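Okay, so here's the structure we're looking at.
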Amino acid sequence: MEKRVVITGGAGFVGSSLCERFVADGWSVLCLDNLCTGRLSNLVALEGNPRFDFRQVDVSSPYEVQGPVQGVLHFASPASPFDYHALPIETLQVGSNGTMHALELARVKGARFLLASTSEIYGDPLEHPQRESYLGNVSSIGPRSVYDEAKRFAEAATMAWQRTHHVDTRIIRIFNTYGPRIKAGDGRVVPAFIAQALRGQPLTVFGDGSQTRSFCYVDDLVEGIVRVFERGDHMPYNLGNPVEFTMLELAREIERQIGDVTTIFEPLPQDDPTRRKPDITRASSELGWAPQVPLAQGLQATIAEYRARLAAGMLV
Ligand code: UDP
Numbered sequence: 339m340e341k342r343v344v345i346t347g348g349a350g351f352v353g354s355s356l357c358e359r360f361v362a363d364g365w366s367v368l369c370l371d372n373l374c375t376g377r378l379s380n381l382v383a384l385e386g387n388p389r390f391d392f393r394q395v396d397v398s399s400p401y402e403v404q405g406p407v408q409g410v411l412h413f414a415s416p417a418s419p420f421d422y423h424a425l426p427i428e429t430l431q432v433g434s435n436g437t438m439h440a441l442e443l444a445r446v447k448g449a450r451f452l453l454a455s456t457s458e459i460y461g462d463p464l465e466h467p468q469r470e471s472y473l474g475n476v477s478s479i480g481p482r483s484v485y486d487e488a489k490r491f492a493e494a495a496t497m498a499w500q501r502t503h504h505v506d507t508r509i510i511r512i513f514n515t516y517g518p519r520i521k522a523g524d525g526r527v528v529p530a531f532i533a534q535a536l537r538g539q540p541l542t543v544f545g546d547g548s549q550t551r552s553f554c555y556v557d558d559l560v561e562g563i564v565r566v567f568e569r570g571d572h573m574p575y576n577l578g579n580p581v582e583f584t585m586l587e588l589a590r591e592i593e594r595q596i597g598d599v600t601t602i603f604e605p606l607p608q609d610d611p612t613r614r615k616p617d618i619t620r621a622s623s624e625l626g627w628a629p630q631v632p633l634a635q636g637l638q639a640t641i642a643e644y645r646a647r648l649a650a651g652m653l654v
């Protein structure tokens, strides 16, 4: 029988890598995306593949999918602070209505469901590193609340469909991820610094640059997603790289790889978490998963793809 998954948000940075991986693993993939932040150019490698299908659909509105489906992976959402500030209502809608539509699709088809949640559900964490049991320190009214609360609602909806309708659900909490194809202009720190360095512009460090993040290379993340999908249970899994860097350390590594750069300091955005680092004990002990790609190596691959896009006049 044909194995088929529906991936919402499949034209996005992570979603498109996931589409490629599922096709490579022998699945048929139906990608649904309204292209509000995703891009068709992310899917060129899958163009014409008989096991890949793209439909431009806003998954926050009702939609239908014909035929059998064994998996629904809900990745549709603006995900960078820049994008969800620009699309606050859409972010709330896709986290609420979009998630419930995807859960209903899974229920009706008897399919497994996986929610792409986020480390943002921990807010500005008071526990460090963050375990899945940590309940978070989240503002319900701050500028990040549209994303954080939408994803918290999405997790609650996923648990409700699991408890009420016995849908076979998974929740992953994705920490900062980077890699080729991440949008240069979406404001996230890795693409921002690389694009600035390649264009000879100063790197914009927010605050004093002592805040930390841990950066996971996209291929490592996708491997974790597949393991949770195939072998996980319904309780949340953190997926991220536990190696923590300050923003100044990140800037220095990019300078080491690209050459002379200058740095300017800009105000720290409101609600910007001071520290973030996943505790991945659960994913590593239960699923044998751990990130394999060190930051220097992942940045090298990302910088190479950025150089090619810049040369082609397509770095956006
Ligand atoms: N940041 C920065 N310069 C930039 C963009 C971001 O110093 O041009 C900082 C930002 O303040 C945050 C960290 O980098 O502390 C990570 O930001 P990003 O937007 O990538 O993701 P977040 O983890 O905040 O969702």
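Numbers in our numbering are just positions in the sequence shown, counted from 1, shifted up by 338. No residue lacks a Cβ here, since even glycine has one placed at the ideal position from N, Cα and C. No experiment lies behind these values; they were computed from the predicted model shown.
query	result
Nearest to LEU452 by alpha carbon, out of MET497, GLY517, PHE603, GLU470?	MET497
Cβ of THR375 within 7 Å of any heavy atom in the ligand UDP?	no
Would the beta-carbon of LEU425 be found less than 7 Å away from any heavy atom of the ligand UDP?	no
Provide the residue span of the beta strand (DSSP E) that contains ASP371, from first to last.	366-371
Going by other Cβ atoms of all chains shown within 10 Å of its Cβ, with 16 needed for buried, is ILE602 buried or exposed?	exposed
So what's THR612 in DSSP terms, helix, strand or just coil?	coil
Taking the alpha carbon of SER354 as the point to measure from, which residue in LEU368, ARG342, LYS341, THR456 has its own alpha carbon closest?	LEU368
Please report the distance separating the alpha-carbon of HIS503 from that of THR346.	21 Å
Does the segment 621-628 come within contact of the segment 472-486, defined as at least 3 CB pairs closer than 8 Å?	no
Have a look at the DSSP bridge pairing and note the partners of ASN576.	ARG511
Alpha carbon to alpha carbon, how far is ASP506 from GLU340? Give it in angstroms, no decimals.	20 Å
Which residues in the same chain as THR619 place their Cβ atom closer than 8 Å to its Cβ, once the five residues preceding and following it in sequence are excluded?	ARG469
Please indicate yes or no: does the CB of PRO584 lie closer than 7 Å to some heavy atom of the ligand UDP?	According to the sequence displayed, residue 584 carries Thr and not Pro. Flag unset: Cβ of THR584 not near the ligand UDP.
Three or more beta-carbon pairs under 8 Å between the segment 601-616 and the segment 573-582, yes or no?	yes
Whole angstroms is fine: what's the gap from GLN608's alpha carbon to PRO419's?	11 Å
Starting from VAL528, trace the beta strand (DSSP E) in both directions and tell me its first and last residue.	VAL528 -> not in any beta strand (DSSP E); alpha helix (DSSP H) instead, spanning 527-536.
Within the chosen definition, does the segment 429-444 reach the segment 395-404 through at least 3 CB pairs nearer than 8 Å?	yes
Within 7 Å: the Cβ of ASN514 and any heavy atom of the ligand UDP?	yes
Can you give the Cα-Cα distance for ASP694 and SER457, rounded to whole angstroms?	What the structure shows of the chain is the stretch from 339 to 654, and residue 694 is not part of that stretch, so it cannot be assessed.
With ALA454 as the anchor, note down where its beta strand (DSSP E) starts and where it stops.	450-456
What is the residue span of the beta strand (DSSP E) that THR601 lies within?	601-604
Assuming VAL352 contacts LEU411 (C-beta within less than 8 Å), just tell me the rounded distance between them.	That pair is no contact at about 10 Å.
The beta strand (DSSP E) with GLY409 in it runs from where to where?	409-412
My understanding is that VAL566 touches LEU356, with C-beta atoms under 8 Å, so please give their C-beta distance in whole angstroms.	Wrong, their Cβ atoms sit about 12 Å apart, outside the cutoff.
I need the straight-line Cα distance from ARG450 to SER366, nearest angstrom please.	15 Å
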